[in-house]
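Accompanying notes for the structure given below.
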Amino acid sequence: MLSNRISRYLLPALALMCCRADLVSARGFDGVEVHGFATQGYIKTSANSFFGDSEDGSFEFTELGVNAS
2 MLSNRISRYL LPALALMCCR ADLVSARGFD GVEVHGFATQ GYIKTSANSF
52 FGDSEDGSFE FTELGVNAS
C-alpha cells in the first residue's frame with residue numbers, strides 16, 4: 002500500500018519538479034525559487050483511530066508540499 006502511494010503521487014511530483022527546474026533556468030527566471038518537502042509518518046495509538054486504523058500501527062500519514070516564490 003505504501004509503495005503504491007509513493008509511485009502514484011511522490012515520484013511523478015519529483016519528476017515534474019526536476020523537469021520544470023530545467024525549463025525555468027533555460028528561460029532566465031533567476032529570481033524564481035522552488036522548494037518542497039515530503040514526509041512519511043508512522044502512527045500507533047491505543048485509544049483512538051488517528052489517520053486510519055492506528056491501533057496496530059499505520060503508515061497512512063503522508064504529506065507533500067511545494068512552494069514557489
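Take any residue in the sequence shown, count from 1 to its spot, add 1: that is its number in the working numbering.
C-beta: ideal position from N, C-alpha, C; glycine also.
Under the three-state reduction of DSSP, ALA14 is assigned to helix. The Cβ neighbour count for SER55, taken over all protein chains shown within 10 Å, is at least 16; the residue is labelled buried. A Cβ-Cβ separation of about 13 Å leaves ALA16 out of contact with LEU65 under the 8 Å criterion. In this structure, the alpha-carbon of PHE62 lies about 6 Å from that of GLN41. A distance below 7 Å between beta-carbons, with the five flanking residues on each side excluded, links HIS36 to the following residues of its chain, in chain order: ASN68.
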